[in-house]
Amino acid sequence: MKLIIYTRRGFDIEIIKFNENHLEYVSELFIKNYVKARENQNILPVKYEDKNNIFPLLYDLHKKSIGIVAVDNNEIIGYLIGLPISNFKGSQRGIYCPEWSHAVICNDKSEVYQKLYEEASNIWVQNGCINHAISIMAHDDEVMNILSWNGFGLHVVDAVRDLNFLSGNINNDIEIRQFNKDDIEEVVHLFFEYKKYMASSPIYLPMMHAENAEDINQWLENPNNTLWLAVNKGNIISMMEVSYKKSNDAQILSDNDTVSIGITYTKDNFRGQGITKALLQNVIKEASLIGYKRCAVVFESQNSSGRNFWLKYFKPVCYSMVRKVDDRITWANPGRSIQDML
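Take 337 as the starting number for the sequence shown in the working numbering and just add one per residue.
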């Protein structure tokens, strides 16, 4: 279904609704863009240069998503697909676009992205999806810039590093060990402290649920999950979740050679003493011994202390940007008649 035609460099560009016939072509577009990402950071998994690993993701997404493609002279030059989500970044419906659900390959990348977002967001808002989140690969400065001009702000960062040991001094005055069942009461309290910290200024993540003993034990029943603890004089002062198979990282970091860091928290009065660095050094050492190649982490950009720590040792590979459209647009929209307004 054709949505609009606009002129670019003397040629007519068609914006049409995404359908299954486009899957092969858009898979190739993403791969071309991913190759550029790996030129900047070759630590990224090579597997996503293989269409057999991208096509299934896009196939599954297109069946439950809202998307469009840009066509220039019968050639697909861009696409943007979003997944509708209820109660997304608030109480309203929203759209999430993973880093592999969009790409533009042409000379006028910013202009095509602008048109793709204009048309896609029109459909999204008409469907009641007013909170928009788009993840972009870190090398895509043009995309980050055009999204900023469209009202998006940075929200979440995915980052990666190799498994070389950390340089500089390591705090060896504390004990680093894995969780055991006798730790559960202290750990439940530490998770609660973490949730309070994340709900405070300037992060403001709603404190909807606090992990209880059952939640923690259930997560640890998975043999691929580990909770590392830092202990000082018998008291647990810091923790770091580690997953060896499945994580919340960006898809392009999802790989059998990636170890992922989850919730990490150090008690306020022990910060600045190299304790989180000691935990990270331990994770790197353990992961390298069992053959992993990279370590990944995801963090909120508003978390200033966490941000400062992670950016010291990791390099961003994806930025997730969010725009919250005024929810009154669902009724105060261009479809209103002048009689309604007077």
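Backbone N, C-alpha and C define an ideal beta-carbon position, used for all residues, glycine too. The structure displayed is predicted, hence computed values, not measured ones.
My assumption, with CB atoms under 8 Å, is that residue i sits in contact with residue j. Please give the rounded CB distance.
{"i": "Trp555", "j": "Gln514", "result": "That belief does not hold up - the Cβ atoms of Trp555 and Gln514 are roughly 13 Å apart, past 8 Å."}
{"i": "Glu350", "j": "Val407", "result": "4 Å"}
{"i": "Arg659", "j": "Asn486", "result": "7 Å"}
{"i": "Gln587", "j": "Pro420", "result": "About 18 Å separates the two Cβ atoms, so there is no contact after all."}
{"i": "Val567", "j": "Ala549", "result": "Not a contact, Cβ separation roughly 19 Å."}
{"i": "Arg497", "j": "Arg630", "result": "7 Å"}
{"i": "Ile404", "j": "Ile472", "result": "Actually they are not in contact, since the Cβ atoms of Ile404 and Ile472 sit about 17 Å apart, beyond 8 Å."}
{"i": "Val653", "j": "Gln377", "result": "6 Å"}
{"i": "Leu499", "j": "Tyr649", "result": "The Cβ separation is near 12 Å, so there is no contact."}
{"i": "Asp591", "j": "Lys383", "result": "6 Å"}
{"i": "Pro381", "j": "Asp593", "result": "7 Å"}
Could you say which of the options lies nearest to residue i if we only look at CA atoms?
{"i": "Val440", "options": "Asp593, Ile482, Ile402", "result": "Ile482"}
{"i": "Asn639", "options": "Tyr530, Ala632, Val382, Cys465", "result": "Tyr530"}
{"i": "His491", "options": "Asn507, Ala469, Leu499", "result": "Ala469"}
{"i": "Glu466", "options": "Asn669, Leu502, Ile379", "result": "The amino acid at residue 466 is misidentified as Glu; the sequence shows Ile. Nearest option by C-alpha distance: Asn669."}
{"i": "Ser422", "options": "Ile404, Lys387, Asn389, Gly464", "result": "Gly464"}
{"i": "Asp348", "options": "Lys400, Pro392, Val448", "result": "Val448"}
{"i": "Ile626", "options": "Lys581, Lys651, Val653", "result": "Lys581"}
{"i": "Asp494", "options": "Ile510, Tyr655, Ser503, Met677", "result": "Tyr655"}
{"i": "Ile558", "options": "Gly570, Ser579, Ala546", "result": "A small fix is needed here, since residue 558 is Asn in this sequence, not Ile. That would be Ser579, whose Cα lies nearest to the Cα of Asn558."}
{"i": "Ile506", "options": "Gly489, Ser446, Asn618, Asn409", "result": "Asn618"}
{"i": "Leu589", "options": "Pro392, Asn605, Val633", "result": "Val633"}
{"i": "Gly426", "options": "Gln675, Val661, Lys569, Phe354", "result": "Val661"}
{"i": "Trp765", "options": "Gln462, Glu356, Leu394, Lys400", "result": "Residue 765 is absent from the model: the chain starts at 337 and stops at 678."}
{"i": "Asn458", "options": "Ile510, Asp477, Gly430, Ser637", "result": "Gly430"}
Name, in chain order, the residues that DSSP records as bridge partners for residue i.
{"i": "Tyr415", "result": "Val405, Ala439"}
{"i": "Gly688", "result": "The displayed coordinates of the chain run from 337 to 678. Any statement about residue 688 would go beyond what the structure contains."}
{"i": "Met473", "result": "Cys654"}
{"i": "Tyr601", "result": "Met575"}
{"i": "Ser596", "result": "Ser579, Ala632"}
{"i": "Arg643", "result": "Paired residues: none, contrary to the question."}
{"i": "Lys660", "result": "Asn467"}
{"i": "Lys353", "result": "Ile404"}
In the DSSP assignment, find the beta strand (DSSP E) that holds residue i and state where it starts and stops.
{"i": "Glu550", "result": "Taken as a continuous stretch (DSSP letters only), Glu550 belongs to no beta strand (DSSP E), being part of the alpha helix (DSSP H) at 549–556."}
{"i": "Ile367", "result": "It is not in any beta strand (DSSP E) - Ile367 instead sits in the alpha helix (DSSP H) that spans 359–376."}
{"i": "Met576", "result": "571–579"}
{"i": "Tyr540", "result": "Premise fails: Tyr540 is in no beta strand (DSSP E) and is neither H nor E."}
{"i": "Tyr395", "result": "Premise fails: Tyr395 lies in the alpha helix (DSSP H), 387–398, not in any beta strand (DSSP E)."}
{"i": "Ile512", "result": "511–514"}
{"i": "Asn458", "result": "It is not in any beta strand (DSSP E) - Asn458 instead sits in the alpha helix (DSSP H) that spans 445–462."}
{"i": "Ala566", "result": "561–568"}
{"i": "Arg497", "result": "489–497"}
Where do the N-terminal and C-terminal ends of the alpha helix (DSSP H) with residue i fall, by residue?
{"i": "Lys613", "result": "611–625"}
{"i": "Leu526", "result": "520–535"}
{"i": "Ile674", "result": "674–677"}
At a Cβ threshold of 7 Å, is residue i touching chain B?
{"i": "Lys368", "result": "Included in the structure is just one protein chain, with no chain B present."}
Compute the minimum distance between the beta carbon of residue i and the heavy atoms of the ligand ADP, and state whether it is under 6 Å.
{"i": "Lys353", "result": "Among the ligands in the structure shown, none appear at all, so the ligand ADP cannot be discussed."}
- Please determine if the segment 368–388 and the segment 431–446 are in contact, where contact requires at least 3 C-beta pairs separated by less than 8 Å. Counting Cβ pairs under 8 Å, three or more are found: they touch.
- Task: Indicate whether the contact test is met: 3 or more Cβ pairs, each with one atom in the segment 538–547 and one in the segment 604–618, closer than 8 Å.
- Result: Cβ pair count under 8 Å is below three, so no.
- the segment 558–575 / the segment 595–610 touching (three or more Cβ pairs under 8 Å): The segment 558–575 vs the segment 595–610: in contact.
- Does the pairing of the segment 356–366 with the segment 412–423 give three or more beta-carbon distances under 8 Å? The segment 356–366, when compared against the segment 412–423, does touch it at the 8 Å Cβ threshold.
- Query: Do the segment 504–519 and the segment 640–647 make contact, defined as three or more Cβ pairs closer than 8 Å?
  - Reply: Contact between the segment 504–519 and the segment 640–647 is absent, because fewer than three Cβ pairs lie under 8 Å.
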